[in-house]
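Residue numbers (the working numbering), protein chains in the order written: chain D, 8 to 291; chain H, 8 to 291; chain G, 8 to 291; chain X, 8 to 291; chain R, 8 to 291; chain P, 8 to 291.
All residues carry an ideal CB built from backbone N, CA and C; glycine is no exception.
This report refers to the structure that appears directly beneath it.
6 protein chains.
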Amino acid sequence: MRTVPFQPMDPALYREVVRRALAEDLGWGDVTTEAVVPGELRAKGVIVCKCNCVIAGLDVAAEAFQQLDPGCAFDRKVKDGDQCRSGDLVAELNGQAAAMLTAERTALNFLQRLSGIATLTRRFVEATGGKITVLDTRKTTPTLRALEKYAVRAGSGTNHRGGLDDGILIKDNHIRLAGGVKEAVRRMKDADAEMPIEIEAQSLEQVDEAIGSGADIILVDNLPIDQIREAVSRIRGRAKIELSGGVTLERLPELAATGADYVSVGALTHSAPAADLSFELEPE
Amino acid sequence: MRTVPFQPMDPALYREVVRRALAEDLGWGDVTTEAVVPGELRAKGVIVCKCNCVIAGLDVAAEAFQQLDPGCAFDRKVKDGDQCRSGDLVAELNGQAAAMLTAERTALNFLQRLSGIATLTRRFVEATGGKITVLDTRKTTPTLRALEKYAVRAGSGTNHRGGLDDGILIKDNHIRLAGGVKEAVRRMKDADAEMPIEIEAQSLEQVDEAIGSGADIILVDNLPIDQIREAVSRIRGRAKIELSGGVTLERLPELAATGADYVSVGALTHSAPAADLSFELEPE
Amino acid sequence: MRTVPFQPMDPALYREVVRRALAEDLGWGDVTTEAVVPGELRAKGVIVCKCNCVIAGLDVAAEAFQQLDPGCAFDRKVKDGDQCRSGDLVAELNGQAAAMLTAERTALNFLQRLSGIATLTRRFVEATGGKITVLDTRKTTPTLRALEKYAVRAGSGTNHRGGLDDGILIKDNHIRLAGGVKEAVRRMKDADAEMPIEIEAQSLEQVDEAIGSGADIILVDNLPIDQIREAVSRIRGRAKIELSGGVTLERLPELAATGADYVSVGALTHSAPAADLSFELEPE
Amino acid sequence: MRTVPFQPMDPALYREVVRRALAEDLGWGDVTTEAVVPGELRAKGVIVCKCNCVIAGLDVAAEAFQQLDPGCAFDRKVKDGDQCRSGDLVAELNGQAAAMLTAERTALNFLQRLSGIATLTRRFVEATGGKITVLDTRKTTPTLRALEKYAVRAGSGTNHRGGLDDGILIKDNHIRLAGGVKEAVRRMKDADAEMPIEIEAQSLEQVDEAIGSGADIILVDNLPIDQIREAVSRIRGRAKIELSGGVTLERLPELAATGADYVSVGALTHSAPAADLSFELEPE
Amino acid sequence: MRTVPFQPMDPALYREVVRRALAEDLGWGDVTTEAVVPGELRAKGVIVCKCNCVIAGLDVAAEAFQQLDPGCAFDRKVKDGDQCRSGDLVAELNGQAAAMLTAERTALNFLQRLSGIATLTRRFVEATGGKITVLDTRKTTPTLRALEKYAVRAGSGTNHRGGLDDGILIKDNHIRLAGGVKEAVRRMKDADAEMPIEIEAQSLEQVDEAIGSGADIILVDNLPIDQIREAVSRIRGRAKIELSGGVTLERLPELAATGADYVSVGALTHSAPAADLSFELEPE
Amino acid sequence: MRTVPFQPMDPALYREVVRRALAEDLGWGDVTTEAVVPGELRAKGVIVCKCNCVIAGLDVAAEAFQQLDPGCAFDRKVKDGDQCRSGDLVAELNGQAAAMLTAERTALNFLQRLSGIATLTRRFVEATGGKITVLDTRKTTPTLRALEKYAVRAGSGTNHRGGLDDGILIKDNHIRLAGGVKEAVRRMKDADAEMPIEIEAQSLEQVDEAIGSGADIILVDNLPIDQIREAVSRIRGRAKIELSGGVTLERLPELAATGADYVSVGALTHSAPAADLSFELEPE
């Protein structure tokens with residue numbers, strides 16, 4: 008579970024995906040820009056917020072512009088993780104006009120998606136009143152996980168595991184196939200000695216079994232609020248507690264008040280609306 | 008602008024991206040499944056709707072399971088584009104238990120995202136009462152455009168251009184750099200003789216210029232409803248009309264009533280909440 | 008159909024293919040150069056025309072040299088699209104001798120092929136006397152389409168669609184499977200509202216059907232010259248007209264005189280002989 | 008220098024490039040076929056020669072069809088290397104109609120290019136009357152070398168080295184930078200003990216130096232015919248002799264009569280016109 | 008730290024790297040096999056141990072053969088993790104002779120390397136007498152980590168983290184830059200709430216600091232044996248203990264006797280000699 | 008067989024594999040470094056030998072650091088091929104602390120492996136007393152062949168062929184399938200006119216046949232020393248002689264004394280222990 012301090016992403020995490028995204032949008036070339044804008048024209052561009060949002064992905068956006076025009080200057084006016092207001096100037100660019108026009112949509116597609124995730128995450132984090140830690144999930148966009156997990160951190164969220172290889176989570180399907188909570192945890196303990204073992208519990212009975220099995224974290228999934236409270240009281244002190252299932256901003260205060268440690272929210276990455284950002288160009 | 012009939016996607020459009028997505032999630036291996044589920048165990052799985060939604064992406068989900076277990080049977084109970092209700096059985100699988108567990112999240116990440124897009128698109132299309140055609144945009148997830156455009160079609164939407172190379176759209180930035188609507192269209196006409204020329208207009212003055220320039224489609228962007236009505240009345244018969252900017256389900260009836268031909272909605276792909284689908288496994 | 012003004016290619020269109028081409032030629036290393044040329048030696052190189060030709064691909068050639076030696080200076084003496092004569096100096100290079108020797112063949116393979124296409128295209132365009140527009144086709148070298156379409160533009164040609172996704176062309180096989188011209192166009196109209204619909208006609212009967220179906224462009228394929236003239240007179244004013252099939256430089260004047268709008272020539276890309284260019288190096 | 012027997016290509020040599028070629032042509036989908044041809048329709052297709060040609064690339068063409076429809080039957084009626092006549096049936100296909108239509112152009116682009124190379128090579132080989140061996144060069148299409156070298160073999164030609172790593176050829180630029188023929192060969196001998204050393208000679212003086220240096224093969228480049236004859240008489244018995252430079256079908260007999268061992272022809276791969284092949288589909 | 012049960016690798020972990028390895032070895036084709044072995048010949052092959060070893064990588068070897076000949080039968084006579092003796096039959100193959108000859112080296116390169124790692128690991132594990140757990144490290148061959156970690160498991164070893172993203176290890180360089188053990192652990196605790204924190208200690212002072220900081224695992228690196236004993240006695244019960252630095256088979260018994268939990272051995276993957284295996288073919 | 012002079016590798020040979028290696032190690036990010044080291048901190052790093060070794064791969068290591076921090080200065084204190092002693096300073100770096108920490112393991116994994124190969128090679132070369140040439144084989148790490156062959160040269164070794172396409176070697180399996188030495192060589196001679204033909208002989212009978220067949224190089228494989236001496240005396244003057252099979256440092260003097268030309272050693276690349284190198288960082 009990775010949280011603050013918030014640091015820039017390694018460029019190795021996004022260079023290749025930006026290359027693919029540009030190739031996808033370009034196809035065999037930008038018919039409109041090539042026809043309408045002279046190749047030698049230089050321009051000044053601005054990225055501006057059209058909504059209140061938390062910015063994330065400036066380096067990725069800059070990379071998109073600079074892969075088409077290595078000389079393009081990208082002057083950040085805010086930084087990733089900043090809460091911005093509608094009308095705020097986000098970045099100022101100077102470079103070849105045609106390259107900026109061609110890269111614009113790709114750059115914004117990254118920036119708007121990542122800022123949307125950061126913004127929704129910040130709202131969830133703020134709604135907790137600091138009483139519970141907001142986690143993301145593996146319900147991310149295929150091939151963009153590293154970027155989306157970064158956006159969650161930009162929004163002050165905390166990352167749950169990043170893949171099947173870097174965290175143990177025994178889910179309902181594992182339990183069913185292993186023949187029960189106890190057996191599943193036993194097998195897992197045989198297999199890995201150090202990583203914390205997290206197991207899903209979908210009923211109070213399973214909660215009890217999970218406690219008995221010696222799991223480190225119990226994921227209380229999809230229970231009604233009174234059963235969640237009961238689950239928390241049974242688990243407290245014996246394992247960390249994560250809540251999940253139908254978590255909304257509205258329900259967050261009551262979930263936060265239960266005393267659980269974590270609440271994981273798939274919506275942070277699978278359902279965050281894009282932030283609204285505009286790009287405007289004018290000749291130098 | 009691509010619309011019905013709705014056809015399956017060519018596998019060449021998704022095989023490689025599924026491979027990348029599995030690699031992303033797997034890292035160096037699925038620690039939980041390898042520990043908890045015996046390699047030789049076979050199981051039966053079901054994908055079930057947990058919400059009302061339009062399904063899209065069954066072939067992509069099947070591909071994810073079958074890349075890990077080529078012998079995995081994937082029996083579709085519905086087909087892409089079908090309106091499903093919460094509780095409906097979507098597909099039944101039979102194969103290696105471990106492979107299904109490992110592929111589950113990747114398969115669902117595709118299926119939930121694409122079904123989310125199809126579902127939102129269907130809602131927009133239905134809200135039009137058939138009076139206006141709902142278009143998507145290039146505001147898609149980087150590297151997933153072909154799949155998301157397909158999901159829009161599954162939701163009965165119509166695809167606007169797929170990239171910078173397969174449609175002409177002269178936007179505000181092009182106009183500003185070219186020195187005006189007229190000059191931009193003139194340059195474009197010199198450059199391409201057959202593709203329809205679409206141009207953005209952000210005021211009634213620009214609408215008039217666009218009409219005068221001989222554009223084929225005029226994109227009326229972000230005007231108040233009364234000015235949209237006026238724009239439509241000026242353009243009608245001289246060019247096709249596309250509306251955009253802040254299009255919501257609530258505003259759709261009044262936009263549809265203007266008599267414009269198209270309304271384009273970035274939200275279909277950049278802000279569609281994922282459809283809720285579950286995957287459940289049990290030993291054979 | 009993309010034509011002038013002629014603009015430089017986005018580097019995103021060729022960087023990766025140059026990387027692959029160098030890897031293909033290098034294998035595990037250049038045995039001759041490593042043995043014969045000291046690593047620290049610097050040299051001056053010149054690219055010179057050995058035939059009259061239209062140059063295309065200078066940026067691609069420069070990229071090949073600079074991927075092996077980022078400090079290699081590549082001084083263009085002409086620019087893409089220029090008509091050159093045998094003996095003309097095309098570019099002057101300064102950099103590491105070994106890197107230039109190793110990159111030479113890859114750079115020239117691109118430059119000679121693209122210049123060959125530009126040269127043949129220019130000959131076709133000039134043979135039209137300006138009376139008909141010369142189009143390329145999708146009969147390009149697999150994986151080099153964007154570059155070859157660019158070379159056609161460098162030769163003053165006009166690009167037909169770049170792929171299956173950015174233009175509609177209902178060919179003989181589509182017609183046969185759809186059950187006739189009329190039905191094929193009807194289905195296409197149902198499916199796409201704005202892109203111009205082009206349909207192939209291989210007889211005067213099909214020409215009449217195509218006119219009746221409301222197609223935007225009729226591709227008159229492989230008819231004798233008198234039937235072409237008849238076809239043009241029937242179509243004129245009702246659709247644009249493209250001619251194809253066995254188009255040679257010799258036949259071009261009579262085809263141009265028919266009054267058709269376009270003539271498409273697969274040979275521009277599938278059969279253009281390479282331009283003859285040499286690369287000579289000497290120690291600084 | 009690789010010659011007969013002629014064997015099929017390893018699929019590992021073309022699977023990936025076919026994947027890339029299909030992706031290039033498909034973009035985000037085949038708008039025409041999806042609209043016009045029902046997904047469930049099956050069809051029978053035939054590939055037919057429209058010219059006299061030597062076929063090469065049937066496996067590659069089959070791969071293109073089968074990547075889109077793994078169940079597509081591809082029944083070869085001739086085999087690579089066969090001399091075919093206009094009208095000959097090359098292959099018969101049975102499978103999904105839409106997949107065949109979508110793959111058609113990619114399959115034919117490979118098949119026509121490779122058959123064009125095989126055909127031109129066969130003409131050169133036949134023009135030699137068996138008196139000299141016809142070699143290709145590294146002047147191949149970037150990223151298609153393995154396929155084009157195979158096509159040369161299909162045309163009964165012989166392959167020169169395939170890349171910078173699998174043969175030694177000291178060219179004029181190497182000689183100039185090394186400070187002369189003698190020094191270049193000396194360095195090369197120090198560096199590699201077993202591969203034959205080939206060196207270019209552009210004058211009779213250089214021929215003498217090359218003989219004196221102990222090179223294994225002397226590439227007599229671009230000399231007039233009488234000097235070629237003189238060069239051959241000086242070299243004979245002391246090294247193998249390869250001729251190059253401006254080799255045409257017309258000049259081949261006189262070159263073959265010189266008694267040289269090899270003649271290398273860049274045109275085989277850089278300037279071979281595509282063979283004319285058609286693909287016709289009809290409903291089953 | 009991933010240990011038993013030992014399960015097969017997901018094919019998604021090796022399919023692509025096998026493809027790259029074959030392409031690397033094949034270049035533009037196998038000159039020897041194509042010349043010497045008729046394409047239609049079928050053969051029977053056997054893989055045989057030439058040394059005592061633990062086998063690992065049979066699925067990877069089979070994949071290499073089957074990528075060149077999908078119909079090649081690969082009949083396993085032993086399974087990964089089995090201890091074999093010199094002379095044992097490992098697998099029997101039936102398929103195209105040429106494909107087997109071409110794939111042979113690639114298949115064996117994988118199998119010999121992975122079996123070498125499994126064999127060395129097994130020796131280390133056995134030398135511990137079960138008193139300490141043998142871990143691998145991140146000192147693996149670039150791009151082969153998942154395979155090499157699998158081979159360690161095949162040899163009964165236990166995997167340490169697989170990458171920078173799936174385990175926390177604060178090393179000497181981190182400590183120095185953070186300004187000390189305490190501060191480094193404090194920052195790490197702020198940043199991640201659940202993954203166990205491991206920290207390196209290179210002196211008894213650092214051991215004390217590490218204990219005081221609340222680390223979960225202390226990596227005692229490169230201390231003399233008496234200081235290791237002292238370190239273990241100080242740490243025991245307060246954190247898990249991992250030993251590293253110059254671990255040899257000879258030193259293992261005394262290290263195992265210290266009572267530490269883990270010993271990590273870079274040599275398992277960076278210095279394991281390949282297992283000796285042969286491949287023999289004969290005509291069917 | 009490629010030997011001196013020793014030249015730097017073309018960056019095109021390692022840039023892509025370094026990118027893949029970093030991606031492999033990074034996964035979705037370096038959890039430890041991001042938590043513990045402030046992003047803006049700069050540091051000075053040193054690479055130091057912890058053993059006597061021959062260095063190889065400095066450019067590759069530098070590339071790893073500079074892909075994460077293009078501004079990272081990498082000051083070489085020794086050069087590839089230098090014999091270093093434990094304690095020697097290899098390189099000094101200045102750049103972003105976090106990037107150096109993240110790249111460290113990848114950079115060292117390359118450098119240690121390649122230096123290990125160079126070191127072992129140098130030992131073999133020195134043990135020959137200059138009386139026989141030490142060759143590598145194709146028994147290299149899959150996907151790292153170009154780098155490992157370079158490391159062999161750095162260790163003063165000589166490269167045998169780099170792949171199946173750049174050298175002819177008729178091995179026991181080829182012979183068996185062809186029906187004998189004579190027939191195998193005859194087929195090979197028909198197929199390739201210039202590359203030297205090497206053939207394996209596993210008995211004195213096969214040696215005689217190989218001589219009789221006119222092979223250029225005879226690979227005497229796995230014979231006892233007295234038979235090797237006999238083989239050499241029979242072959243001498245009629246073909247070059249390569250020895251292989253169970254070559255150890257101990258046996259090298261007696262093999263060198265036989266008068267054979269070459270000895271090939273798979274162990275150079277498949278079993279070289281990694282060189283021990285450390286990386287230490289401190290704040291600037």
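Chain P partners of residue 9(X), CB-CB under 8 angstroms?
-> The contacting residues are 198, 199.
In this structure, does DSSP put residue 62(H) in helix, strand or coil?
-> coil
Could you check where the alpha helix (DSSP H) with residue 81(P) kicks off and where it finishes?
-> Run containing residue 81(P): none in the alpha helix (DSSP H); it sits in the beta strand (DSSP E), 80–83.
Identified DSSP bridge partners for residue 285(P) | The partner list for residue 285(P) (beta bridge, DSSP) reads 55(P).
Which of helix, strand or coil does DSSP assign to residue 216(P)?
-> helix
Chain-ordered residues of the stretch 163–191 of chain D with a beta carbon less than 9 angstroms from chain H | 169, 170, 171, 172, 173, 174, 175, 176, 177, 178, 179, 180, 181, 182, 183, 184, 185, 186, 190, 191
Neighbour flag for residue 138(G) against chain H, beta carbons, 8 angstroms | So no, residue 138(G) is outside the interface.
Exposure label - residue 220(H); buried when at least 16 CB within 10 Å | buried
State yes or no: is the beta carbon of residue 70(H) nearer than 8 angstroms to at least one beta carbon in chain D?
-> no
Compare the C-beta of residue 51(H) against all C-beta atoms of chain G and say whether one is closer than 8 angstroms.
-> Answer no: the Cβ-Cβ gap between residue 51(H) and chain G never drops below 8 angstroms.
Cβ contact (3+ pairs, closer than 8 angstroms) linking the stretch 81–100 of chain X and the stretch 56–70 of chain X = yes
Under the assumption that residue 191(H) contacts residue 10(G) (Cβ atoms under 8 angstroms), give the Cβ distance between them as a whole number of angstroms.
-> Not a contact, Cβ separation roughly 16 angstroms.
Have a look at residue 209(G) and residue 236(G) and give me their C-alpha separation to the nearest angstrom.
-> 14 angstroms
For residue 240(X), which three-state DSSP category applies?
-> helix
What are the complete beta strand (DSSP E) segments, minimum 3 residues, inside the stretch 75–121 of chain G?
-> 80–83, 96–103
Would you list, in sequence order, the uninterrupted beta strand (DSSP E) runs of no fewer than 3 residues that lie entirely inside the stretch 253–282 of chain D?
-> Runs of the beta strand (DSSP E) inside the stretch 253–282 of chain D: 269–271.
Name the DSSP beta bridge partners of residue 163(R), please?
-> Note: residue 163(R) sits in no beta bridge, so no partner.
What is the residue span of the alpha helix (DSSP H) that residue 182(P) lies within?
-> 179–185
Use the C-beta contact count for residue 203(X): other C-beta atoms within 10 angstroms, 16 or more gives buried, fewer gives exposed.
-> buried
Where residue 164(G) and residue 124(G) are concerned, what is the direct C-alpha to C-alpha distance, given to the nearest angstrom?
-> 10 angstroms
Check whether the Cβ atoms of residue 140(R) and residue 21(R) lie closer than 8 angstroms to each other.
-> no
Taking Cβ positions only, does residue 152(H) come closer than 8 angstroms to chain X?
-> yes
Assuming residue 46(G) and residue 105(G) make a contact with CB atoms under 8 angstroms, what is their CB distance in whole Å?
-> In this structure residue 46(G) touches residue 105(G) by the C-beta definition: roughly 6 angstroms separates them, less than 8 angstroms.
Backbone CA spacing between residue 180(H) and residue 43(D) [nearest angstrom] = 10 angstroms
Three CB pairs or more closer than 8 angstroms across the stretch 68–77 of chain D and the stretch 34–43 of chain G = no
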